[in-house]
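Undergrad: Okay, so the sequence shown: first residue is 33 according to the working numbering, each after it adds one.
Glycine is no exception: its CB is placed at the ideal position from the N, C-alpha and C atoms.
All values derive from a computational prediction rather than experimental measurement.
The structure follows.
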Amino acid sequence: MRKNRNKSVSVWTHKHEEFCLQNQIPRFAQLLWEWLIKKGEVDKETEPDLKDFNNWIGKHRGRKYCRNTLKSAFNKLVECRVVNLVKRYTWHIVKIVTRPIEYLKPKRKLQKQNIFDNLDSSKGKFYNDVSLQQQQKLIINNKLLFSQYGINFNQDELEVLKRPKNEVLLAITCYQIRDRGVVTCLNQRRITRGKIKNPEGWIRNCLRKRLWDEPRMYSEIIAEYGNTTFLEELFPKENQEYT
Numbered sequence: 033m034r035k036n037r038n039k040s041v042s043v044w045t046h047k048h049e050e051f052c053l054q055n056q057i058p059r060f061a062q063l064l065w066e067w068l069i070k071k072g073e074v075d076k077e078t079e080p081d082l083k084d085f086n087n088w089i090g091k092h093r094g095r096k097y098c099r100n101t102l103k104s105a106f107n108k109l110v111e112c113r114v115v116n117l118v119k120r121y122t123w124h125i126v127k128i129v130t131r132p133i134e135y136l137k138p139k140r141k142l143q144k145q146n147i148f149d150n151l152d153s154s155k156g157k158f159y160n161d162v163s164l165q166q167q168q169k170l171i172i173n174n175k176l177l178f179s180q181y182g183i184n185f186n187q188d189e190l191e192v193l194k195r196p197k198n199e200v201l202l203a204i205t206c207y208q209i210r211d212r213g214v215v216t217c218l219n220q221r222r223i224t225r226g227k228i229k230n231p232e233g234w235i236r237n238c239l240r241k242r243l244w245d246e247p248r249m250y251s252e253i254i255a256e257y258g259n260t261t262f263l264e265e266l267f268p269k270e271n272q273e274y275t
């Protein structure tokens with residue numbers, strides 16, 4: 033199953049074309065994205081050389097791009113979140129993570145409350161009651177999930193507890209990564225915990241700022257869980273409001 037998934041993210045599809053149109057990605061930047069995908073450099077930390085891309089362009093196009101065009105192409109991909117810039121060594125050698133197209137899909141908007149305007153009041157009340165029950169279930173489940181990792185929130189902390197399950201899992205994953213320390217004793221490495229003194233405050237900040245979107249944190253998540261099915265729980269193809 034994992035092999036098929038790796039194969040799918042290394043193929044250029046109509047979804048990539050649509051994303052380019054929606055975000056006004058110019059042709060030269062699109063070619064750079066295609067080149068990265070076809071090299072299989074998706075969902076992992078890599079160090080491509082833009083000059084290698086330019087040599088490929090020169091071979092098939094007949095002439096290479098100038099330096100400013102290469103820079104513009106790369107910057108456009110970073111701006112559109114296609115590429116996470118981890119480190120820049122020179123203007124053409126960089127450390128990056130190229131994200132899969134599924135990650136770039138916009139979040140599905142919540143249905144507006146006036147969806148029941150054309151229904152009679154009794155049906156509207158029924159659906160509102162169901163929605164309220166779903167929210168309460170989400171809050172309880174998220175509270176229990178946090179408590180399993182020693183992180184405790186009051187029932188009224190809705191800013192945290194009403195988040196989608198995958199965002200709660202992302203916040204916990206980021207917390208575990210940042211809370212981890214390494215101690216070397218007698219040439220043996222031992223993992224320690226407890227660097228973060230206020231877990232609840234750290235989680236609030238993580239959710240507000242979406243720390244998993246930061247290039248270095250995203251790279252660490254991929255390095256830790258890239259070969260597991262848990263990654264699909266963290267970044268589902270379609271985020272659902274309730275679970």
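Can you confirm whether I125, when its beta carbon is compared against all beta carbons of chain C, has any partner nearer than 8 Å?
TA: Note that chain C does not occur in the displayed structure, where there is just one protein chain.
Undergrad: Do L109 and V118 have their C-beta atoms closer together than 8 Å?
TA: For L109 and V118, no; Cβs fall outside 8 Å.
Undergrad: Who are V126's beta bridge partners in DSSP?
TA: R120.
Undergrad: Just tell me which of A105, V74, T261, N184 has its CA closest to the CA of L64.
TA: Cα-wise, what sits closest to L64 is A105.
Undergrad: Look at the alpha carbon of E206 and the alpha carbon of R93, and state the distance between them as a whole number of angstroms.
TA: The sequence as given places Cys at residue 206; Glu does not occur at that position. Approximately 43 Å, taken between the alpha carbons.
Undergrad: Indicate whether D245 and I228 have their beta-carbon atoms separated by less than 8 Å.
TA: No, Cβ-Cβ distance for D245 and I228 is not below 8 Å.
Undergrad: What number of angstroms, rounded off, separates the C-alpha of Q167 from the C-alpha of K194?
TA: Distance between the alpha carbons of Q167 and K194: 7 Å.
Undergrad: Tell whether a beta-carbon distance below 8 Å holds between E256 and I183.
TA: No, Cβ-Cβ distance for E256 and I183 is not below 8 Å.
Undergrad: G233 lies in the alpha helix (DSSP H); which residues open and close that run?
TA: Unbroken alpha helix (DSSP H) run through G233: 231 to 241.
Undergrad: Which residues in the same chain as P247 place their Cβ atom closer than 7 Å to its Cβ, once the five residues preceding and following it in sequence are excluded?
TA: N116, L117, V118, V129.
Undergrad: Around the Cβ of S251, are there at least 16 other Cβ atoms within 10 angstroms (buried) or fewer (exposed)?
TA: Label assigned to S251: buried.
Undergrad: Starting from E45, follow the alpha helix (DSSP H) in both directions and report where the run begins and ends.
TA: First, the residue type needs correcting, since residue 45 is Thr and not Glu in the sequence shown. Careful: T45 lies outside any alpha helix (DSSP H) and carries neither H nor E.
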